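Asker: Under our numbering, the first residue of the sequence shown carries the number 341, and numbering increases by one thereafter.
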Amino acid sequence: MDKNNLPNVAYFCMEYALDSAIKTYAGGLGILAGDYMKGAGDNNYPMVGLGIKWKQGYTDQYINEKGKAYDSYVNTDYEDCLEDTGVTVNVTIRERKVYCKVWKVNKFGVCPLYLLDTDIPENEDTWICGQLYGWFGEERIAQEMVLGIGGVRALRVLGYPAEVYHFNEGHAVFAGFELLREKIEKGFSFKEAYEATRKEVVFTTHTPIIQGNESHPIDRLMYMGANNGLTIEQLVEIGGAPFNMTVAALRLSKITNGVAQLHKETSNKMWAHIEDASKIIGITNAIHLPTWVGEEMLKLGKELAQGYTTSDINNRLWNAHIKNKEALIDFVYERNGVKLDKDKLLIGFSRRAAPYKRSNLIFSDKKVIEPLLKSGKIQIVFSGKAHPLDDTGKEIVQTIVRFSKEYPNSVVFLQNYDMAIGRMLTNGSDVWLNNPRRPLEASGTSGMKAAINGVLNLSILDGWWPEACREEINGWSFGDGKGVDDFTTLDELDNHDLKSLYDVLLNKVIPTYYDYRDKWIEMMKSSIVDCREFFAIERMLREYYELMYMV
Ligand SMILES: *Cc1c(COP(=O)(O)O)cnc(C)c1O
């Protein structure tokens, strides 16, 4: 790839995880986008990002005395990380002009990243950039209009010569409507504008769950003004009725990618019935190493990859790991007042509380799990939020909190999962557990963070893991690659996976940890060496340019 001759890319995303203190993210999508911006910055790719300056961002999660999770939104001020570009654009929402001030992020080593802000005195509609993934439909559409329509207008005023528009998830689809409008205004017919726009747009799809793919009633889009000059018939032609944001993005792009190779297969099956959709390829997610891997581990990883194996490397690796583990143990003690034991196996698990992720699977058979927890043979640290409207998710959190009360010395729930907790857990656990129902986890990046820190993955063969797993060499799998289509009921799948999890945990993971420490350290080395290059953001950037932007 000739790095001097790359197209200029404008990347659109609702959320960016840049730093724990800045509430511009909710979860995995934002982690990916934030890491991508940092990678583009480190390596000087010709790219800019567009997003929203959230005033409250995503919810904070608190656990009350009864173990119930509740939500709280707080205003955050992070203007010291931003500079004023002097640019303001406007978008007409519900027939009212909404002004969007354009900020530029000036920290964290990102490529130029512009955040649009409606919380300015000129506006009545200051609420639009309030809460990320907030509560009601009109709010979401207004936010997406700011991101998409406002984002393209910001690029024009800033004078950025974008050649490729990358929609990271369907939220950005209204940017496509603005590209259409510009062309129609220049005299293109709708058909011509549509064909020309498709050549400029690429799309990344993220969710293999149908209900997770956002849709809106056509009437509501018209009422909000999101149609941006398009007719009802044209809206339906692009996104169907109700208007599906993923379908629209599939149609408005020249190429689409799923975020792991298995996810590519799943997405192709899922959207096979959509006429006129772009081709879906697979580009597996990756992480920004300096954000997620400590300096000592990075250094050891480099030595290991160079085949540089002095006799003391095993000790150095183990000591570096124990240091990370102690830091995690101290962190847990400060937060929850529980003192975990550094000589006991520590399992980490942090995920958004959604049913398919099965956060409490490991507790399913008390006969098996209770002796392990009571004897302290295993300790488990959990974390994870549920969406404010997701009552099932909140129940899941509550169940885990209940287990932490039942086994106070060996089960911990850390409230308010964020980047700091994510880093602590993926650095300091011994084992990283991941047990979604296959194939519903599109990729996952927390397991990559763990792997490159020498934390061994114990995971269902879903998302990124089938591409990395070498059984008993760099981690473990369980569940035999079976998934939701292989059983008549979810209960059968869950029982099957549970048996497999206990089997691997009891017969492989626990004995290796306590009785074969040398083998454990060899596995840590393989985990680091196998993953540190392929799952680094540089590989992912290269693939996006070669397979998406330049085709
Ligand atoms: C890494 C990370 C994620 C994404 O991890 P998954 O493997 O997709 O669960 C989400 N939230 C935070 C805070 C993270 O650090």
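Here a beta-carbon is modelled for each residue, glycine too, at the ideal position from N, C-alpha and C.
The model shown is predicted, which means the values in this text are computed figures rather than measured ones.
Please report the Cβ distance between G803 and E781, rounded to the nearest whole angstrom; I am assuming they are in contact, meaning their Cβ atoms lie under 8 Å.
Answerer: Correct: roughly 4 Å between the Cβ atoms.
Asker: Please state whether the Cβ-Cβ distance between K665 and K682 is less than 8 Å.
Answerer: Contact: yes.
Asker: Once DSSP output is grouped into helix, strand and coil, what is the label at G641?
Answerer: Note: G641 maps to helix in three-state DSSP.
Asker: With a threshold of 16 other CB atoms inside 10 Å of the CB of M341, please say whether the residue is buried or exposed.
Answerer: So M341 counts as exposed.
Asker: Please give me, in chain order, every unbroken run of the alpha helix (DSSP H) with length at least 4 that falls completely inside the segment 525-551.
Answerer: The qualifying runs are 530-538.
Asker: Tell me, please, which residues DSSP counts as bridged to T428.
Answerer: According to DSSP, T428 bridges with K441.
Asker: According to the Cβ coordinates, are L346 and Y885 closer than 8 Å?
Answerer: Yes, these two residues count as a Cβ contact at 8 Å.
Asker: For the candidate residues E479, L668, Y413, S783, whose alpha-carbon lies nearest to that of L369?
Answerer: For L369, the nearest C-alpha among the options comes from S783.
Asker: Would you tell me roughly how many angstroms separate the C-alpha atoms of M354 and K406, rounded to the nearest one?
Answerer: Distance between the alpha carbons of M354 and K406 is about 34 Å.
Asker: My output table needs one value for Q646: the three-state DSSP class, helix, strand or coil.
Answerer: Note: Q646 maps to coil in three-state DSSP.
Asker: Ordered along the chain, which non-local residues of its own chain (more than five positions away) have a Cβ less than 6 Å from that of E636?
Answerer: A660, listed in sequence order.
Asker: Could you tell me which uninterrupted alpha helix (DSSP H) segments, each at least 4 residues in length, are contained entirely in the segment 762-795, listed from first to last along the chain?
Answerer: If we require 4 residues or more, the alpha helix (DSSP H) runs fully inside the segment 762-795 come out as 786-792.
Asker: Kindly indicate which residue of W860, E862, L773, T785 has the alpha-carbon position closest to the one of G819.
Answerer: Among W860, E862, L773, T785, the Cα nearest to that of G819 belongs to L773.
Asker: Can the beta-carbon of T399 be found less than 8 Å from the beta-carbon of D417?
Answerer: Result no, Cβ atoms of T399 and D417 do not sit closer than 8 Å.
Asker: Provide the residue span of the beta strand (DSSP E) that contains F352, from first to last.
Answerer: Unbroken beta strand (DSSP E) run through F352: 349-352.
Asker: Could you tell me which whole beta strand (DSSP E) segments of length 3 or greater appear in the segment 567-641?
Answerer: As far as the segment 567-641 is concerned, its whole beta strand (DSSP E) runs of at least 3 residues are 595-598, 619-622.
Asker: Am I right that K684 and K717 are in contact with their C-beta atoms under 8 Å? What's the rounded C-beta distance?
Answerer: Between K717 and K684 the Cβ distance is about 7 Å, and since that is below 8 Å, they are a contact.
Asker: Following a CB-centred definition, is Y418 positioned closer than 7 Å to any heavy atom of ligand 1?
Answerer: Result no, Cβ not under 7 Å from ligand 1.
Asker: Whole angstroms is fine: what's the gap from F528's alpha carbon to G569's?
Answerer: Approximately 14 Å between the Cα atoms of the pair.
Asker: Going along the chain, which residues of its own chain have a beta-carbon closer than 6 Å to the beta-carbon of A589, five neighbours each way excluded?
Answerer: F507, G510, V513, F543.
Asker: Residue range of the beta strand (DSSP E) that S716 falls in?
Answerer: One point to set straight first is that residue 716 is Gly, not Ser, in the sequence displayed. Here G716 belongs to no beta strand (DSSP E), and DSSP marks it neither H nor E.
Asker: Tell me whether A482 sits in a helix, a strand or coil according to DSSP, three-state version.
Answerer: In the structure shown, A482 sits in a helix (DSSP, three-state: H, G or I).
Asker: Cβ atoms of N814 and S866: under 8 Å apart, would you say?
Answerer: It is a contact, given that the beta carbons lie within the stated cut-off.
Asker: With K378 and V445 assumed to form a contact (beta carbons below 8 Å), what rounded beta-carbon distance in angstroms separates them?
Answerer: The Cβ separation is near 11 Å, so there is no contact.
Asker: Alpha carbons only, please: which of N597, R810, L845 is nearest the one belonging to I334?
Answerer: A query on residue 334 cannot be resolved here, the shown segment of the chain reaching from 341 to 891 and no further.
Asker: Taking the C-alpha atoms as reference points, what is the distance between W394 and L487?
Answerer: Those two C-alpha atoms are separated by around 11 Å.
Asker: I'd like the span of the beta strand (DSSP E) that includes F743, first residue to last.
Answerer: First-last for F743: 731-746, but that is the alpha helix (DSSP H), not the beta strand (DSSP E).
Asker: Going along the chain, which residues of its own chain have a beta-carbon closer than 8 Å to the beta-carbon of L729, five neighbours each way excluded?
Answerer: Answer for L729: W475, listed in chain order.
Asker: Tell me where the beta strand (DSSP E) around M880 begins and ends.
Answerer: First-last for M880: 877-884, but that is the alpha helix (DSSP H), not the beta strand (DSSP E).
Asker: Is D758 close to ligand 1? I mean its beta-carbon at under 7 Å from any heavy atom of the ligand.
Answerer: D758 Cβ: within cutoff of ligand 1.
Asker: Which whole-angstrom value describes the C-beta separation of A645 and E807, a residue pair presumed to lie in contact below a C-beta threshold of 8 Å?
Answerer: Actually they do not touch by this definition, with Cβ atoms about 18 Å apart.
Asker: Measuring CA to CA, which of C809, S786, R778, K789 is closest to L830?
Answerer: Closest option to L830, Cα to Cα, is R778.
Asker: Using a Cβ-based criterion (distance less than 7 Å to any ligand heavy atom), does K789 qualify as near ligand 1?
Answerer: It does: the Cβ of K789 is within 7 Å (strictly closer) of some heavy atom of ligand 1.
Asker: I549 and A515 - do their beta-carbons sit closer together than 8 Å?
Answerer: No. Outside cutoff.
Asker: Give me the DSSP bridge partner(s) of H506.
Answerer: Answer is Y351, V542, bridged to H506.
Asker: When DSSP labels each residue in this structure, what does V751 get in the three-state scheme?
Answerer: V751: strand per DSSP, three-state reduction.
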